[in-house]
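Under my numbering, the first residue of the sequence shown is numbered 196, with each subsequent residue one higher. Everything below concerns the one structure shown next.
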Amino acid sequence: MWSAPRSIWSRILVNEWWRRNRQNLARLAGTILAVVLIVVLVKEEGGDDILLAVRRISILYFIAAGLVMIISRLFVVGRWHVLLRSGGVNISFSRTAMLTFTGLFSSNFLPTTIGGDVVRLAGAMQLGYDRAVCVASLVADRLIGMAGMVIALPPGLIPIFSMSDPASQSVTLAGLVEKGRAFVRRTLAAFSIWLKKPFALTLSFLSTLANMACIFWAVSLLITGIGHHVSYWLIAGLWSVTYFVTLVPISVNGYGVQELSLTYLLSRIGGLSHSESLTIAILIRALFMITSLPGALFLPSILAAMSTAREEITP
196 MWSAPRSIWS
206 RILVNEWWRR
216 NRQNLARLAG
226 TILAVVLIVV
236 LVKEEGGDDI
246 LLAVRRISIL
256 YFIAAGLVMI
266 ISRLFVVGRW
276 HVLLRSGGVN
286 ISFSRTAMLT
296 FTGLFSSNFL
306 PTTIGGDVVR
316 LAGAMQLGYD
326 RAVCVASLVA
336 DRLIGMAGMV
346 IALPPGLIPI
356 FSMSDPASQS
366 VTLAGLVEKG
376 RAFVRRTLAA
386 FSIWLKKPFA
396 LTLSFLSTLA
406 NMACIFWAVS
416 LLITGIGHHV
426 SYWLIAGLWS
436 VTYFVTLVPI
446 SVNGYGVQEL
456 SLTYLLSRIG
466 GLSHSESLTI
476 AILIRALFMI
486 TSLPGALFLP
496 SILAAMSTAR
506 EEITP
């Protein structure tokens, strides 16, 4: 006599679990598909071609790209630090760096349900800083980063839309429209504090421009190291397009999607071969991961505060 109620209750639990986890499952499926496509691409190009492309890059160019990437991470720290300090949070630069690198590490190595912004917020709360200002600063920090990438978009969009490939155009438009809607919805609320502090807002924006310049420079160094020359501004445009495509929530932290997007753009527009483009994309991902490793030192103490922070920021 209790079988029917139990069956109904089980279906309710399953439906609730599916409602809460369907987005993460979709991202996981997208990541797996993207990785499978990368494996197929590697097999088609031949593993030897990938290894040959890697060996062609001078170790000095790779080290230089790594150093430039570290500098870019420091500008990311500076961008958020300016927002926190101008918002009334009395935090030292070293603590901002600790929280930022921990967030970067979590974005690269932890599941998408534990996003970098959530980790940063949890750490800030654990250190006793004002939750409301920290949440607003994180949203503003993300939007300022997006605004900077918008500026670099034209050099990448112009050659894309001159191509007679509607598939590439539709993918690009999908990413821009989706993130554009979110940008408009959240901008006014996020900047309510800093619109009254134009100097801090300008300094934070200059930090994101410096961060971007370093990322583009790192990509340029790797391409030069492989024996090719691509215009710096074209690299800026193509990376910006890749950035917005990876923000579409179809994979875990953009894994696979970033590599496929950058490989496609560098090969179709940058003039590199598929194996060379894939090599650059993989090495850039590796540099992002390597330069986030200092965050692993601070992660254990922050994870204890994760449960209360997870509801504050949407990854």
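In this text, a Cβ means the ideal position worked out from N, Cα and C, and glycines have one as well.
Which class does residue i belong to by DSSP, given the choice of helix, strand or coil?
i: LEU305; result: coil
i: LYS392; result: coil
i: ALA331; result: helix
i: LEU322; result: coil
i: LEU348; result: coil
i: VAL443; result: coil
i: VAL425; result: coil
i: SER357; result: coil
i: TYR450; result: coil
i: ILE254; result: helix
i: ILE410; result: helix
i: VAL284; result: coil
i: PHE493; result: coil
i: LEU457; result: helix
i: ILE266; result: helix
i: SER152; result: An answer regarding residue 152 cannot be provided, because it is not within the stretch 196 to 510 covered by the chain.
i: GLY311; result: helix
i: SER415; result: helix
i: SER435; result: helix
i: SER487; result: coil
Could you check how far apart the C-beta atoms of residue i and residue j are, in whole angstroms? I think they sit under 8 Å.
i: LEU488; j: ALA476; result: Not a contact, Cβ separation roughly 20 Å.
i: LEU278; j: ALA408; result: That belief does not hold up - the Cβ atoms of LEU278 and ALA408 are roughly 20 Å apart, past 8 Å.
i: LEU461; j: LEU467; result: 5 Å
i: LEU348; j: SER435; result: 5 Å
i: LEU433; j: GLY351; result: 5 Å
i: LEU416; j: ALA260; result: 4 Å
i: PRO354; j: ILE464; result: 5 Å
i: GLY420; j: SER289; result: The Cβ separation is near 33 Å, so there is no contact.
i: VAL452; j: ILE430; result: About 19 Å separates the two Cβ atoms, so there is no contact after all.
i: MET264; j: LEU442; result: Going by Cβ atoms, the distance from MET264 to LEU442 rounds to 20 Å, so no, they are not a contact pair.
Output needed for residue i: all residues of its chain with C-beta closer than 6 Å, excluding positions within five of it in sequence on either side, in chain order.
i: VAL272; result: THR291, ALA292, THR295
i: ASN406; result: SER267, PHE270, VAL271
i: VAL402; result: The question names Val, but residue 402 is Ser in the sequence shown. Cβ within range, chain order: PHE270, GLY273, ARG274.
i: THR486; result: MET264, ILE265, ARG268
i: GLY490; result: PHE296, THR297, LEU299, PHE300
i: TRP412; result: VAL263
i: TYR256; result: LEU416, GLY420
i: PHE400; result: ILE339
i: LYS392; result: SER281
Leaving out the 5 sequence neighbours to the left and right, which residues in its chain are closer than 8 Å to residue i when beta-carbon positions are compared?
i: LEU269; result: ALA292
i: VAL328; result: LEU279, GLY282, GLY283, VAL284, ILE388
i: TYR438; result: MET344
i: PHE493; result: MET293, LEU294, PHE296, THR297, GLY318
i: ARG251; result: GLY420, ILE421, GLY422
i: HIS424; result: ILE418
i: ASN303; result: ASN448, PHE483, MET484, SER487
i: LEU390; result: LEU396
Might you give, ordered along the chain, the residues of its own chain that have their beta carbon closer than 7 Å to the beta carbon of residue i, omitting 5 neighbours on each side?
i: ILE266; result: CYS409
i: LEU404; result: GLY343
i: ILE258; result: none
i: ASP336; result: ARG274, TRP275, LEU278
i: TYR324; result: VAL284, ILE286
i: LEU398; result: VAL277
i: SER512; result: This structure does not reach residue 512, given that the chain is present from 196 up to 510, and the question cannot be answered.
i: TRP428; result: PRO350
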